[in-house]
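>
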Amino acid sequence: MSFAFGIGIGTQNNQGEWLEVFYQQPVMTPDNTLLEVVQNILGYQGGNQGISASSEQLSQLATALRQTGQNNQAALADKAAESTRPVVVTVLETDDTASSTPEVYLKLHLISHRMAKPHGLKLDGIFGLLPNLAWTNEGAVDLNELPERQLQARLEGRTLEVKSVDKFPQMTDYVVPKGVRIADTARVRLGAYVGEGTTVMHEGFINFNAGTEGTSMIEGRISAGVMVGKGSDLGGGCSTMGTLSGGGNIIIAVGENCLIGANAGIGIPLGDRCKVEAGLYITAGTKVALLDDNNELVEVIKARDLANQPDLLFRRNSQTGAVECKTNKSAIELNEELHANN
89 MSFAFGIGIG TQNNQGEWLE VFYQQPVMTP DNTLLEVVQN ILGYQGGNQG
139 ISASSEQLSQ LATALRQTGQ NNQAALADKA AESTRPVVVT VLETDDTASS
189 TPEVYLKLHL ISHRMAKPHG LKLDGIFGLL PNLAWTNEGA VDLNELPERQ
239 LQARLEGRTL EVKSVDKFPQ MTDYVVPKGV RIADTARVRL GAYVGEGTTV
289 MHEGFINFNA GTEGTSMIEG RISAGVMVGK GSDLGGGCST MGTLSGGGNI
339 IIAVGENCLI GANAGIGIPL GDRCKVEAGL YITAGTKVAL LDDNNELVEV
389 IKARDLANQP DLLFRRNSQT GAVECKTNKS AIELNEELHA NN
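This is the structure:
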């Protein structure tokens, strides 16, 4: 059984190179009958590849899929057969490193469709396969072809609006997950996992391969690789350090029912029910004064030693400036647990 499948409508530049692909109905673990049809009609011989399909081939594919009971994919193939844009049928036999733009886009769709979670797919090397594009009101445009497209639009009495210049498009041009609110859709990239019940306010941002389990209020930044647990809120202007922004190979995550205050930030994974005071940025090497229930100093440790521990409150002493940590359990008990696991 293969890993993933998708019939995509895409955009190519004047050299026939793929710029982007839209998969309305991607499939995880497609059954063997679907793949047999693709083998017979499109000559698929195994492996991971995106196969360009003609209108005639897509009509044949639709007929064969319908005969095997794959009605949803058959209907999609029928519609794709009428497309004026190029169509690609992408098959991923395994979750190996992608080798083409259509393969990368299928993986990003799987995450945004909530079929796979961040860190659940192999995404290394994708930057080299994603061209930097002008994302316009008329779709993706190759940057080398942009001046001519702008001129042509003006000659025809139109304006070609360039919304961004980036390797990643906004998610909502491809996928709008069920049960979410996104105030500024430009701030959520394709490849984000936005759990049901999540609200992303105007200053909120969710990168690719990152996201929320759901029921969260996001007014801060969720960097690449970061997953936020259910019920956790990110205050205005706060940030999470992802693997692309100095976090190295440490997987930064936020547990359930946490609160990161406005303009705060984390460079360590938080356990459940943790709070970070507004304006306080904690990195792995931050020296933290561990306090007991009487606010007495137990020990000064590095923040990395508190990674994934639940029920912590991080704050800055307003008189001394020291970073402090309290817990709803005894800090001494926590300290003993930390040393027992060293």
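The sequence shown runs 89 to 430 under the working numbering. Just so you know, even glycine gets a beta-carbon here, dropped at the ideal spot from N, CA and C.
(1) Going straight from the alpha carbon of asparagine 396 to that of valine 388, what length do you get?
(2) Span of the alpha helix (DSSP H) holding arginine 242?
(3) Are the Cβ atoms of alanine 350 and threonine 331 separated by less than 9 Å?
(4) Quick check: the segment 164-179 against the segment 199-210, are there 3 or more CB pairs under 8 Å?
(5) Along the beta strand (DSSP E) that carries arginine 403, what are the first and last residues, could you check?
(6) Note down, in chain order, each residue of its chain lying with its Cβ closer than 7 Å to the Cβ of alanine 165, except the 5 sequence neighbours on either side.
(7) Checking 9 Å against the spacing of the C-beta atoms, do isoleucine 306 and methionine 259 come in under that value?
(8) Can you give me the start and stop residues for the alpha helix (DSSP H) that glutamate 144 sits inside?
(9) List, from N- to C-terminal side, the alpha helix (DSSP H) runs of 4 residues or more that fit wholly inside the segment 90-147.
(10) Whole-angstrom Cβ separation of methionine 289 and glycine 299, contact assumed at under 8 Å?
(11) Judging by CA-CA distance, which residue of Ile270, Gln155, Gly317 is the nearest neighbour of proline 206?
(12) Does the beta-carbon distance from valine 125 to glutamine 100 come in below 9 Å?
(13) Is the separation between the beta-carbon of serine 90 and that of leucine 234 shorter than 9 Å?
(14) Can you tell which of Pro265, Val229, Leu243, Ala271 has its C-alpha closest to the C-alpha of phenylalanine 256?
(15) Does the beta-carbon of asparagine 383 have 16 or more other beta-carbons within 10 angstroms, so that it is buried, or is it exposed?
(16) Using 9 Å as the threshold, is the C-beta distance between leucine 394 and valine 386 below it?
(17) Exposed or buried, what is glutamate 412 when buried is set at 16 or more other beta-carbons lying within 10 Å of its beta-carbon?
(18) Span of the alpha helix (DSSP H) holding alanine 391?
(19) Please name the residue in Leu239, Asn220, Ala241 whose C-alpha comes closest to that of leucine 231.
(20) Note down, one range per segment and in chain order, each alpha helix (DSSP H) of at least 4 residues found wholly within the segment 143-222.
(21) Drop a sphere of 10 angstroms on the beta-carbon of asparagine 430, count the other beta-carbons inside from all chains shown, and report buried for 16 or more, exposed for fewer.
(22) Just verifying my parser: in three-state terms, what is the DSSP assignment at arginine 275?
(23) Count the other CB atoms within 10 Å of the CB of phenylalanine 215; is the residue buried (16 or more) or exposed (fewer)?
(24) Please identify the residue among Gly308, Thr286, Gly292 whose C-alpha is closest to the C-alpha of glutamate 301.
(25) Identify whether methionine 315 lies in helix, strand or coil by the three-state DSSP scheme.
(26) Quick one: Cα of lysine 195 to Cα of serine 406, how far?
(27) If I measure Cβ to Cβ from glycine 135 and keep anything under 6 Å in the same chain, skipping five residues before and after, which residues do I get?
(28) So is glutamine 103 buried or exposed if we call it buried at 16+ other beta carbons inside 10 Å?
(29) Tell me, please, which residues DSSP counts as bridged to serine 304.
(30) Pick out whichever of Gly213, Lys390, Phe110, Ile338 has its Cα sitting closest to the Cα of valine 264.
Looking at the coordinates:
(1) What you label residue 396 is simply residue 308 of the sequence shown in a count that begins at 1. What you label residue 388 is simply residue 300 of the sequence shown in a count that begins at 1. Rounded to whole angstroms, asparagine 396 to valine 388 spans 18 Å at the Cα level.
(2) On the sequence shown, residue 242 is found 154 positions in, with the first residue counted as 1. Residues 234-243.
(3) Translated into positions along the sequence shown, residue 350 becomes position 262. Translated into positions along the sequence shown, residue 331 becomes position 243. No, the Cβ-Cβ distance between alanine 350 and threonine 331 is not below 9 Å.
(4) no
(5) Numbered from its first residue, the sequence shown carries residue 403 at position 315. It spans 400-404 - the beta strand (DSSP E) in which arginine 403 sits, taken as one unbroken run.
(6) Residue mapping note: residue 165 aligns to position 77 of the sequence shown, counting from 1. Once the five neighbours on either side are set aside, the close Cβ partners of alanine 165 are Ile95, Leu146, Leu149, Ala150, Leu153.
(7) Looking up residue 306 in the sequence shown gives position 218. Looking up residue 259 in the sequence shown gives position 171. No, they are not a contact pair.
(8) Mapped onto the sequence shown, residue 144 falls at position 56. Note, glutamate 144: alpha helix (DSSP H), 143-155.
(9) 120-130
(10) Taking the sequence shown and counting its residues from 1, the one referred to as residue 289 is at position 201. Taking the sequence shown and counting its residues from 1, the one referred to as residue 299 is at position 211. That belief does not hold up - the Cβ atoms of methionine 289 and glycine 299 are roughly 15 Å apart, past 8 Å.
(11) Indexing the sequence shown from 1 puts residue 206 at position 118. When each option's Cα is compared against that of proline 206, the closest is Gly317.
(12) Here residue 125 refers to the residue found at position 37 of the sequence shown. Here residue 100 refers to the residue found at position 12 of the sequence shown. Not closer than 9 Å, so no.
(13) Mapped onto the sequence shown, residue 90 falls at position 2. Mapped onto the sequence shown, residue 234 falls at position 146. Going by C-beta atoms, serine 90 is not nearer than 9 Å to leucine 234.
(14) Counting from one through the sequence shown, the residue named residue 256 turns up at place 168. Of the listed residues, the one whose Cα sits closest to phenylalanine 256 is Val229.
(15) On the sequence shown, position 295 is the one that residue 383 refers to. Asparagine 383 should be labelled exposed.
(16) Within the sequence shown, the letter at position 306 stands for residue 394. Within the sequence shown, the letter at position 298 stands for residue 386. Taking 9 Å as the Cβ cut-off, leucine 394 and valine 386 do not qualify as a contacting pair.
(17) Here residue 412 refers to the residue found at position 324 of the sequence shown. Its Cβ being crowded by 16 or more others within 10 Å, glutamate 412 is buried.
(18) By one-based count along the sequence shown, residue 391 stands at place 303. No alpha helix (DSSP H) contains alanine 391, which DSSP labels as neither H nor E.
(19) Translated into positions along the sequence shown, residue 231 becomes position 143. Ranking the options by Cα distance to leucine 231, first place goes to Asn220.
(20) 143-155, 159-168, 189-200
(21) Within the sequence shown, numbered from 1, the residue matching residue 430 stands at position 342. Here asparagine 430 scores only 37 on pLDDT, less than 50, and its place in the model is too uncertain to base an answer on.
(22) Sequence index remark: in the sequence shown, residue 275 carries index 187 (1-based). Of the three classes helix, strand and coil, the one that applies to arginine 275 here is helix, per DSSP.
(23) Along the sequence shown, one-based indexing puts residue 215 at 127. Classification of phenylalanine 215: exposed, given that the 10 Å Cβ count is below 16.
(24) Looking up residue 301 in the sequence shown gives position 213. The shortest C-alpha separation from glutamate 301 is found at Thr286.
(25) Position 227 of the sequence shown, counting from 1, holds the residue named residue 315. Looking at methionine 315 - three-state DSSP - the assignment turns out to be strand.
(26) Sequence index remark: in the sequence shown, residue 195 carries index 107 (1-based). Sequence index remark: in the sequence shown, residue 406 carries index 318 (1-based). Going from the Cα of lysine 195 to the Cα of serine 406 covers about 47 Å.
(27) Indexing the sequence shown from 1 puts residue 135 at position 47. Glu181, listed in sequence order.
(28) Looking up residue 103 in the sequence shown gives position 15. Exposed, because fewer than 16 other Cβ atoms sit within 10 Å of the Cβ of glutamine 103.
(29) By 1-based counting over the sequence shown, the position of residue 304 is 216. None; serine 304 has no bridge partner.
(30) Your numbering for residue 264 matches position 176 in the sequence shown. Ranking Gly213, Lys390, Phe110, Ile338 by Cα distance to valine 264 puts Phe110 first.
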